[in-house]
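The structure appears right after this line, and notes come after that.
Numbering (the working numbering), first residue to last: 8 to 316.
Right, dumping it as structure tokens:
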């Protein structure tokens, strides 16, 4: 099995701590937008990992309406089983949908950063954990980078996070899936960046450029992960998988290229929802609704080694 390692990691290593068989679960309301679950190991710990979910109406377990895989729930449970507390929370979008209060045109990327900052401050102010780590998955990686700049945290973990702005990432996806629309997408993004809105765009790209979503997209694309990660003055770990069809491993290498002191781990066969995939893209896509699949081997060890070292 090919496994690229850019810091010390042995897949067959003895667990750092004995498994915690009975974690303590506590649901917590941070504010009107942030609801989550704190998992605590049986033995007291000074370490807490705050898990920030990816894009869309994603819940604390990493699920959406059409994709139920429990990726973040299994991640939290695996980390806590190693003696580290975790807190994971529902995205603001999901909370607003449940409250029937979502106004898409008013949503901004900075709202997600604010939620992450408030979550970090909530635990910092209570003083139960002296070492708070931020782990951002997918879109949550960029959210976590920015939130970590605004707070005092012990370290940051980018899990399947992009290394370029969202407009470039989307254009790259369009080039692979709908190459005839790539030029139109580039022009629309340029117009959005210059004017804050787009009037003329291909109907085939309406899911991206519909008027109600344009303010959010404009607020998101102004942040470049490769710029933001350089601002971090804390230990940083970058993780991605070779079977990730949403965020290519080249993105992780881009982040590492501008952050020399970061640790980089590429997990062979791991996909975007943290599962090991041995088949083609169809098998990969089906896994998004297969919660029984275990997490990729080595992922939990990589995170806990980073936190506990």
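Heads up, the beta-carbon is just placed ideally off N, CA and C, and yes, glycines get one too. From a predicted model like this one, the values you see are computed outputs, not experimental measurements.
> If residue 94 sits next to residue 153, beta carbons under 8 Å apart, how far is it from one beta carbon to the other, in whole angstroms?
Replying inline: Against the chain shown, residue 94 aligns to sequence position 87. Against the chain shown, residue 153 aligns to sequence position 146. Incorrect: roughly 18 Å between the Cβ atoms, too far for contact.
> residue 263: buried (16+ other C-beta within 10 angstroms of its C-beta) or exposed?
Replying inline: Indexing the chain shown from 1 puts residue 263 at position 256. Buried, because 16 or more other Cβ atoms sit within 10 Å of the Cβ of residue 263.
>> I'd like the list of long-range same chain contacts for residue 300, defined as Cβ closer than 7 Å, with 5 residues on each side in sequence excluded.
In response: As a first step, residue 300 is located in the chain shown; it is residue number 293 there, counting from the start. Taken in chain order, the residues that qualify are 282 and 294.
>> Could you tell me which whole beta strand (DSSP E) segments of length 3 or greater appear in the stretch 48–133?
In response: Contiguous beta strand (DSSP E) elements confined to the stretch 48–133 occur at 54–59 and 92–96, taking only those with 3 or more residues.
> When the Cα of residue 42 is compared with those of 29, 48, 105 and 77, which residue comes out closest?
Replying inline: As a first step, residue 42 must be located in the chain shown, where it is residue number 35. Closest option to residue 42, Cα to Cα, is 105.
> At a cut of 8 Å, does the stretch 163–183 reach the stretch 223–232 through at least three beta carbon pairs?
Replying inline: yes
> Across which residues does DSSP place residue 34 in a beta bridge pair?
Replying inline: Your numbering for residue 34 matches position 27 in the chain shown. According to DSSP, residue 34 bridges with 44.
> Nearest to residue 55 by CA position, among 103, 137 and 76, is which residue?
Replying inline: Sequence index remark: in the chain shown, residue 55 carries index 48 (1-based). For residue 55, the nearest C-alpha among the options comes from 137.
> What does residue 141 pair with, by DSSP beta-bridge criteria?
Replying inline: Here residue 141 is taken as the residue at index 134 of the chain shown, counted from 1. DSSP lists 57 and 163 as partners of residue 141.
> Distance, Cα to Cα, residue 221 vs residue 177?
Replying inline: As a first step, residue 221 is located in the chain shown; it is residue number 214 there, counting from the start. As a first step, residue 177 is located in the chain shown; it is residue number 170 there, counting from the start. Spanning the two alpha carbons is a distance of roughly 14 Å.
> Are residue 284 and residue 250 close, meaning C-beta to C-beta below 8 Å?
Replying inline: The residue you call residue 284 lines up with position 277 of the chain shown. The residue you call residue 250 lines up with position 243 of the chain shown. Yes, the pair counts as a contact, with Cβ atoms nearer than the cut-off.
> By DSSP, does residue 173 sit in helix, in strand, or in coil?
Replying inline: Position 166 of the chain shown, counted from the start, is the residue given in the question as residue 173. DSSP places residue 173 in helix when its eight states are reduced to three.
>> Applying the 10 Å Cβ sphere with the 16-neighbour rule, what's the burial state of residue 291?
In response: Looking up residue 291 in the chain shown gives position 284. Looking at its Cβ environment, which holds 16 or more other Cβ atoms inside 10 Å, residue 291 is buried.
> Secondary structure at residue 311, three-state DSSP: helix, strand or coil?
Replying inline: Counted from its first residue, the chain shown places residue 311 at position 304. Of the three classes helix, strand and coil, the one that applies to residue 311 here is helix, per DSSP.
> With distances taken between CB atoms, is the gap from residue 76 to residue 236 smaller than 8 Å?
Replying inline: Along the chain shown, one-based indexing puts residue 76 at 69. Along the chain shown, one-based indexing puts residue 236 at 229. Against a cut-off of 8 Å, the Cβ pair of residue 236 and residue 76 comes out as no contact.
> If you follow the beta strand (DSSP E) that residue 270 is part of, which residue opens it and which one closes it?
Replying inline: To locate residue 270, count along the chain shown from 1; it is residue 263. 270–274 is the extent of the beta strand (DSSP E) around residue 270.
>> Spatial neighbours of residue 316 within its chain, please: C-beta separation below 6 Å, excluding the five flanking residues on both sides.
In response: Counting from 1 along the chain shown, the entry for residue 316 is found at position 309. None.
> Would you report the Cα separation of residue 192 and residue 69, rounded to the nearest angstrom?
Replying inline: Along the chain shown, one-based indexing puts residue 192 at 185. Along the chain shown, one-based indexing puts residue 69 at 62. Distance between the alpha carbons of residue 192 and residue 69: 29 Å.
> Cα separation between residue 151 and residue 118?
Replying inline: Here residue 151 refers to the residue found at position 144 when the chain shown is read from its first residue. Here residue 118 refers to the residue found at position 111 when the chain shown is read from its first residue. Between residue 151 and residue 118, the C-alpha separation is close to 12 Å.
> Nearest to residue 30 by CA position, among 48, 40, 53 and 278, is which residue?
Replying inline: If you number the chain shown from 1, residue 30 lands on position 23. Checked all of 48, 40, 53 and 278; the closest Cα to residue 30 is 48.
>> Within a Cβ cutoff of 7 Å, which residues of the same chain sit near residue 40, ignoring the five residues on either side of it in sequence?
In response: Position 33 of the chain shown, counted from the first residue, corresponds to residue 40. Result list for residue 40: 99, 102 and 122, in chain order.
>> Using the three-state DSSP reduction, which class does residue 300 fall into: helix, strand or coil?
In response: In the chain shown, counting from the first residue as 1, residue 300 sits at position 293. In this structure, residue 300 counts as coil in the three-state DSSP scheme.
> Does DSSP put residue 247 in a helix, in a strand, or in coil?
Replying inline: Sequence index remark: in the chain shown, residue 247 carries index 240 (1-based). Residue state, collapsed to three classes: strand.
> Excluding the five sequence neighbours on either side, which residues of its own chain have a C-beta within less than 6 Å of the C-beta of residue 245, listed in chain order?
Replying inline: Working through the chain shown from its first residue, we reach residue 245 at position 238. Counting only Cβ-Cβ distances below 6 Å, and skipping sequence neighbours, we find 165, 259, 262, 263, 269 and 271.
> Within this structure, are the beta carbons of residue 146 and residue 203 separated by less than 8 Å?
Replying inline: Along the chain shown, read from residue 1 onward, the residue named residue 146 stands at position 139. Along the chain shown, read from residue 1 onward, the residue named residue 203 stands at position 196. Contact: no.
> Taking C-alpha atoms, which residue in 33, 109, 88 and 37 lies nearest to residue 63?
Replying inline: For the purposes of this step, residue 63 is taken as the residue at position 56 of the chain shown. Residue 109 is the option with its Cα nearest to residue 63.
> Between residue 188 and residue 214, which are expected to be in contact by the criterion C-beta below 8 Å, what is the C-beta distance as a whole number of angstroms?
Replying inline: In the chain shown, the residue the question calls residue 188 occupies position 181. In the chain shown, the residue the question calls residue 214 occupies position 207. Not really, about 12 Å apart at Cβ, beyond 8 Å.
> Can you give the beta carbon distance from residue 86 to residue 310, rounded, assuming they're within the 8 Å contact cut?
Replying inline: Reading the chain shown from its first residue, position 79 is the one you call residue 86. Reading the chain shown from its first residue, position 303 is the one you call residue 310. 6 Å between Cβ atoms; contact.
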